[in-house]
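Visitor: One structure, as structure tokens, below. Some questions next.
2 protein chains.
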Amino acid sequence: MPPKIIQTRSSSPWKRRVGACIAKCTVTAGWRTKVCRNVNMEKLQNDYLFPEITTRRFEHIQKYPDAKLISLGIGDTTQPIPNIVTSAMAEYLLKVYKPCFSLWNVKIDSPLNIQKLHKRLNVVLYFQRLVNPYDGLQYSLALSTIEGYSGYGAEQGQQALRKAISETIYRDLGIKDTEIFVSDGAQSDIARLQMLLGSNVTVALQDPTFPAYIDTSVIMGQAGDFQEDSDKYGNIEYMKCSPANFFFPDLSTISRTDIIFLCSPNNPTGYAVSREQLKELVEFAKENGSIIIYDSSYSAYISDDSPRSIFEIPGAREVAIEISSFSKFAGFTGVRLGWTVVPEELLYSNGYPVVKDFNRIVCTCFNGASNIAQAGGLACLSSEGLTAIHGVVNFYKENAEIIAETFSSLGLEVYGGKNSPYTWVHFPGQKSWDVFNEILEKTHIITVPGRGFGPAGEGFIRVGAFGHRDSILEASRRLKNHLR
Amino acid sequence: MPPKIIQTRSSSPWKRRVGACIAKCTVTAGWRTKVCRNVNMEKLQNDYLFPEITTRRFEHIQKYPDAKLISLGIGDTTQPIPNIVTSAMAEYLLKVYKPCFSLWNVKIDSPLNIQKLHKRLNVVLYFQRLVNPYDGLQYSLALSTIEGYSGYGAEQGQQALRKAISETIYRDLGIKDTEIFVSDGAQSDIARLQMLLGSNVTVALQDPTFPAYIDTSVIMGQAGDFQEDSDKYGNIEYMKCSPANFFFPDLSTISRTDIIFLCSPNNPTGYAVSREQLKELVEFAKENGSIIIYDSSYSAYISDDSPRSIFEIPGAREVAIEISSFSKFAGFTGVRLGWTVVPEELLYSNGYPVVKDFNRIVCTCFNGASNIAQAGGLACLSSEGLTAIHGVVNFYKENAEIIAETFSSLGLEVYGGKNSPYTWVHFPGQKSWDVFNEILEKTHIITVPGRGFGPAGEGFIRVGAFGHRDSILEASRRLKNHLR
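Top to bottom, those sequences are chains A and B. All residue numbers for the first sequence refer to this note's numbering, where the first residue is 1 and numbers rise by one. All residue numbers for the second sequence refer to this note's numbering, where the first residue is 1001 and numbers rise by one.
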């Protein structure tokens, strides 16, 4: 029998926040172990952002059951994965011998093309049957055959995929395949990097930024106590990124830390650091003996000359780790695939190579990404695959342009949206939760309050471009009509 | 330019071990950051087992280039994944409309059946073409269509899969789907559970057992210093499991710890704890207020009345977490899928439910298992899927029987091999690395020295049953001929 959930009172700082009593105050009656709750878990603050959005969404639907809600909130992709990529994964499972398989490369994303595929397939089948009645289609389930089966792969990823990442993503940058570790996504590797670093490192991060960096810092015990007055953790160096400093911190005001997290293009501000700024940061890390953990998950959205990888900057191999992902690059949010680069030249103060410890972490705490996902990743990096997935990225970028233009036309200051799927809209003097509510109430559109990404996100909202085109256009119409 | 690797001298305890200078003494010349290496990473000892086996294997091949090496070493599966499971994953990617798709369920694991499939397929195609020339095969790439695409899933796993695990694996045990967290495999969840627990818990584990428990304890700083004299970490409670205690620790001699790791059937001993023993352990945990982390990854291999889940024991919901995997159950070592059960009744000493913190860890440090792997997992748990994967498990169990009988016939004491794919063979008075060498030299068969799983593994070797039948039979012949 599960015991009754009892809501108790608590004086912890989260209670000041928007939203009703969440996890923290839940204590369950019943027999208790003598195991103390991890004090670091107790310090975690803000798991309220997306649950709170879900709650408000639910309340909104109750209030307006007929409203056609549009979500520009969560950063999830919506466009289909190109055929060439899913075909490669299907082929990994279900092998159709070459004569027929080549047919699948026909683009069938429109009804017309499906017809074309059937026509061509039937023609081929007809001629093949003339030659051999049983040779029309040769199926074998690859992972279901002794020859096609494969079990554990290398924890670090398939050699072919590591090589393909090295040769396409890092072409001319001299990243060796042995420095690339294939993962099940950037988020998992952020946690694994934190396990690698341990609890004694000091950390700096952008304010605002993706919450996984700070949350994993808190979980590992690096963050110190949460300060109610500043809404910050005591031991974290917050690098404020706002329009006032063009979203790049004034490094002369930043204290030395062991680790500097930098996400570029940044989630949520959509700002990609320039080559000059990144040079400055690498120089800063070099002076301080710091390690930069550079998250390039959104680099495919960069249109201008901003660096796509930190390894474009001379000297970065001695101070930087790069994490990245197929999620926003190829719509692999559900398929799960990413990678991390740890250069051989990156050394701890005692001269021990970081890459050797990361290899040990990957072998101990992970067992490799799904072999099916890796087959898909490999297809993404073929020249045909790259063309197809860039098509999808460009589609989202057009969405972002529509969104940015919409808010601009309302007289608002708009950031991001150029090198990023995210548009960061400024409502000076307003609380971001109030703006969220106003937009929801007037237009039935879900956004994300900037406050959820750090104290400096107050007064902003993040608007995502991962929608179908008709939703984006409809959202634009509603915003223009009702938000003036 | 990568700097030169310099091998320096070191006095750390690993040097006493078998094998030449490994990672620990590698210091690279070059510019260094000021970031201190995590002291816990420095304490890790035994990443030498499988690399050392690889080295010896390589040397053996150099010495005997014509020898036909058989590996009964690493615990990797070799049998194909049943059609019904790969079909489900392929269907997730590549949807063939129902009339044709049903054909794929024909078993095509033999050439005869492939012929049969083609015959039936051609017949259907013929009649379909009479009705509609373009309706013969209707393909659409599911993940490549707007309707079929899905992005981020719930971090905790797809609702349908959580439900299926609850209803098939835990039928009648009252495990709710909300208590089940789908993972990318047990190894990743061991690391995530360690992040959950933090560095201040005390830990007990079987000696010998799967190295990931102790290695993650070391990484999190729970293990204390390595003691050269005992070959043990100072703060870990080693629960010796040997023939003398029938592989179950005498709990009256075990100190209270916060956490007790128990793997049953155990890797490497192959021993499954009995119902009475597991009751005793749950009682022990209850008395001490400890949490048991029970690893049931090999439970599908249990033939007798031994419990397949700790939740078969009354009271376990208040003291236990269970981790498990599709790897050895369905040959998913490369596909990557597992799960962890955290019951609502499991409470920290302050009354806070462990499940809420684990949910937070899963949402922060993980982003869900691959949706394709989850489609496969769901197919495994259909009644047809269960029948097919039990067929594969039974095949490995027959292999294990052949192996156990072989070593028995040589007059050796043999353990495991009944409820497990692993046979644990005793060579009293001998060093397990010497036994490994002797077997390799005389029979060209790779095994695993028991010492690699803990001090109490000395004098044993682990022999795996994940081979093709002809290899197993050939290994048996060689052992019988050359090891007398």
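Using N, Cα and C, we set each Cβ at its ideal position, and we do this for glycine too. Owing to the predicted nature of the structure, the values given are computational and were not obtained by experimental measurement.
Under 7 angstroms, Cβ to Cβ, is there at least one residue of chain A near Val1182(B)?
Guide: For the purposes of this step, residue 1182(B) is taken as residue 182 along the second sequence, with counting starting at 1. Not an interface residue.
Visitor: Span of the alpha helix (DSSP H) holding Trp433(A)?
Guide: Residue numbering aside, residue 433(A) sits at position 433 when the first sequence is read from its first letter. Trp433(A) -> alpha helix (DSSP H) spans Ser432 to Thr443.
Visitor: When the distance is taken between beta carbons, is Arg1484(B) closer than 7 angstroms to Cys1365(B)?
Guide: Sequence index remark: in the second sequence, residue 1365(B) carries index 365 (1-based). Sequence index remark: in the second sequence, residue 1484(B) carries index 484 (1-based). Going by C-beta atoms, Cys1365(B) is not nearer than 7 angstroms to Arg1484(B).
Visitor: Alpha carbon to alpha carbon, how far is Ser296(A) from Leu1440(B)? Give it in angstroms, no decimals.
Guide: In the second sequence, counting from the first residue as 1, residue 1440(B) sits at position 440. In the first sequence, counting from the first residue as 1, residue 296(A) sits at position 296. Each residue's Cα considered, the two are about 47 angstroms apart.
Visitor: Under a CB-based cut-off of 7 angstroms, is Phe436(A) close to chain C?
Guide: Looking for chain C here will not work: the only protein chains present are A and B.
Visitor: Against chain A, which members of the segment 1359-1372 of chain B pass a CB distance test of less than 9 angstroms?
Guide: Of all residues in the segment 1359-1372 of chain B, the ones placed with a Cβ closer than 9 angstroms to any Cβ belonging to chain A are Asn1359, Arg1360, Ile1361, Cys1363, Thr1364, Cys1365, Phe1366, Asn1367, Gly1368, Ala1369, Ser1370, Asn1371 and Ile1372, in chain order.
Visitor: Please report the distance separating the alpha-carbon of Gln374(A) from that of Gly338(A).
Guide: As a position in the first sequence, residue 374(A) is number 374, starting the count at 1. As a position in the first sequence, residue 338(A) is number 338, starting the count at 1. Answer to the nearest angstrom: the Cα atoms are 9 angstroms apart.
Visitor: Compute the beta-carbon to beta-carbon distance between Phe1453(B) and Pro1268(B), rounded to the nearest angstrom, for a pair I have assumed lies under 8 angstroms.
Guide: By 1-based counting over the second sequence, the position of residue 1453(B) is 453. By 1-based counting over the second sequence, the position of residue 1268(B) is 268. Indeed, because the Cβ distance is near 5 angstroms, the residues count as touching under 8 angstroms.
Visitor: Check each candidate in Pro353(A), Met195(A) and Asn235(A) and name the one with the smallest Cα separation from Thr216(A).
Guide: What you label residue 216(A) is simply residue 216 of the first sequence in a count that begins at 1. Answer by Cα proximity: Met195(A).
Visitor: Considering only C-alpha positions, which residue in the set Glu458(A), Glu474(A), Val463(A) and Lys480(A) is nearest to Ile230(A)?
Guide: Residue numbering aside, residue 230(A) sits at position 230 when the first sequence is read from its first letter. Sequence check: residue 230(A) is Ser here, not Ile. Nearest C-alpha to Ser230(A): Glu458(A).
Visitor: Write down the C-beta distance between Gly1464(B) and Gln1079(B) rounded to the nearest angstrom, noting that I regard them as a contact closer than 8 angstroms.
Guide: As a working note, residue 1464(B) is residue 464 in the second sequence. As a working note, residue 1079(B) is residue 79 in the second sequence. Incorrect: roughly 13 angstroms between the Cβ atoms, too far for contact.
Visitor: Determine, for Ser188(A), whether the minimum Cβ-Cβ distance to residues of chain B falls below 7 angstroms.
Guide: Your numbering for residue 188(A) matches position 188 in the first sequence. It does; some Cβ of chain B falls within 7 angstroms.
Visitor: By the three-class DSSP mapping on this structure, what secondary structure does Lys1279(B) have?
Guide: Along the second sequence, read from residue 1 onward, the residue named residue 1279(B) stands at position 279. Three-state DSSP puts Lys1279(B) in a helix.
Visitor: Thr1033(B) and Pro353(A) - do their beta-carbons sit closer together than 7 angstroms?
Guide: To locate residue 353(A), count along the first sequence from 1; it is residue 353. To locate residue 1033(B), count along the second sequence from 1; it is residue 33. Cβ distance not < 7 angstroms, so Pro353(A) and Thr1033(B) don't count as in contact.
Visitor: Give the straight-line distance between the Cα atoms of Gly429(A) and Tyr1152(B), rounded to the nearest whole angstrom.
Guide: By one-based count along the first sequence, residue 429(A) stands at place 429. By one-based count along the second sequence, residue 1152(B) stands at place 152. So the two alpha carbons sit approximately 34 angstroms from each other.
Visitor: Tell me whether Pro314(A) is buried or exposed, calling it buried when 16 or more other Cβ atoms sit within 10 Å of its Cβ.
Guide: Against the first sequence, residue 314(A) aligns to sequence position 314. Per the 10 Å Cβ criterion, exposed.
Visitor: Considering just the uninterrupted stretch of the alpha helix (DSSP H) at Gln1062(B), what are its terminal residues?
Guide: Against the second sequence, residue 1062(B) aligns to sequence position 62. Leu1049 to Lys1063 is the span of the alpha helix (DSSP H), which, as asked, contains Gln1062(B).
Visitor: Mind checking who Val341(A) pairs with in its DSSP beta bridge?
Guide: For this step, residue 341(A) is matched to residue 341 along the first sequence. According to DSSP, which records beta bridges pairwise, Val341(A) is partnered with Ile180(A) and Glu322(A).
Visitor: Would DSSP call Val414(A) helix, strand or coil?
Guide: Mapped onto the first sequence, residue 414(A) falls at position 414. Of the three classes helix, strand and coil, the one that applies to Val414(A) here is strand, per DSSP.
Visitor: Starting from the beta carbon of Asp357(A), find every residue of chain B whose beta carbon is closer than 8 angstroms, and list them in chain order.
Guide: As a first step, residue 357(A) is located in the first sequence; it is residue number 357 there, counting from the start. Under the 8 angstroms cutoff, chain B gives Arg1037, Asn1038 and Met1041.
Visitor: Buried or exposed for Ile61(A), going by 16 or more other Cβ atoms inside 10 Å?
Guide: Indexing the first sequence from 1 puts residue 61(A) at position 61. It counts as exposed.
Visitor: Is there a C-beta anywhere in chain B that falls below 7 angstroms from the one on Glu287(A)?
Guide: Start at 1 with the first residue of the first sequence, and residue 287(A) comes out as number 287. Not one chain B Cβ lies under 7 angstroms of Glu287(A).
Visitor: Answer with buried or exposed for Gln1159(B), where buried requires no fewer than 16 other C-beta atoms within 10 angstroms of its C-beta.
Guide: By one-based count along the second sequence, residue 1159(B) stands at place 159. Burial call: exposed.
Visitor: Count the CB pairs spanning the segment 1204-1222 of chain B and the segment 1273-1280 of chain B that are closer than 8 angstroms, and state whether there are at least three.
Guide: no
Visitor: Rounding to the nearest angstrom, what Cα-Cα distance links Val106(A) and Ala90(A) in this structure?
Guide: For the purposes of this step, residue 106(A) is identified with residue 106 of the first sequence, where counting begins at 1. For the purposes of this step, residue 90(A) is identified with residue 90 of the first sequence, where counting begins at 1. Residue confidence for Val106(A) is low, a pLDDT of 35 falling below 50, so the modelled location carries little weight; the figure read from the coordinates is stated next. Between Val106(A) and Ala90(A), the C-alpha separation is close to 15 angstroms.
Visitor: For Ile1114(B), which three-state DSSP category applies?
Guide: As a working note, residue 1114(B) is residue 114 in the second sequence. With a pLDDT of 37 at Ile1114(B), under the threshold of 50, the modelled position of this residue cannot be trusted; read the value that follows with caution. In the displayed model, Ile1114(B) falls within a helix according to three-state DSSP.
Visitor: Count the other CB atoms, across all protein chains shown, that sit within 10 Å of the CB of Leu1071(B); report buried if there are 16 or more and exposed otherwise.
Guide: On the second sequence, position 71 is the one that residue 1071(B) refers to. Note that residue 1071(B) is Ser in the sequence shown here, rather than Leu. The residue in question, Ser1071(B), is buried, as its Cβ has 16 or more Cβ neighbours within 10 Å.
Visitor: Measure the alpha-carbon distance for Asn394(A) versus Ala400(A) and round it to whole angstroms.
Guide: Mapped onto the first sequence, residue 394(A) falls at position 394. Mapped onto the first sequence, residue 400(A) falls at position 400. The alpha-carbon atoms of Asn394(A) and Ala400(A) are separated by roughly 10 angstroms.
Visitor: Would you list the one or two residues that DSSP bridges to Phe460(A)?
Guide: By 1-based counting over the first sequence, the position of residue 460(A) is 460. Phe460(A) is bridged to His426(A).
Visitor: Whether or not the segment 1163-1177 of chain B and the segment 1415-1426 of chain B are in contact is what I'm after, with contact meaning three or more pairs of Cβ atoms, one per stretch, closer than 8 angstroms; do they touch?
Guide: no
Visitor: By Cβ distance below 7 angstroms, which residues in the same chain neighbour Thr333(A) in space, the five residues on each side in sequence not counted?
Guide: By 1-based counting over the first sequence, the position of residue 333(A) is 333. Contacts found: Asp76, Thr77 and Ser327.
Visitor: Against Arg1462(B), what residues of chain A qualify as contacts under a CB-to-CB distance less than 7 angstroms, listed in chain order?
Guide: Within the second sequence, residue 1462(B) is the residue found at index 462, counting from 1. In chain order: nothing, as chain A lies at least about 16 angstroms away.
Visitor: Assess contact between the segment 343-351 of chain A and the segment 301-317 of chain A, defined as three or more Cβ pairs (one per stretch) separated by less than 8 angstroms. Is contact present?
Guide: yes
Visitor: Can you look up Thr1387(B) in the DSSP assignment and give me helix, strand or coil?
Guide: Taking the second sequence and counting its residues from 1, one reaches residue 1387(B) at position 387. Three-state result, Thr1387(B): helix.
Visitor: Using alpha carbons as the reference points, say which of Val39(A), Arg451(A) and Lys68(A) lies closest to Gly1198(B).
Guide: Locating residue 1198(B) in the second sequence gives position 198, counting from the first residue. Relative to the Cα of Gly1198(B), the nearest Cα in the group Val39(A), Arg451(A) and Lys68(A) belongs to Val39(A).
Visitor: Between Val959(B) and chain A, is the shortest Cβ-Cβ distance under 7 angstroms, so that the two count as touching?
Guide: Given that chain B is displayed from residue 1001 to residue 1484, the structure contains no residue 959(B) and the question cannot be resolved.
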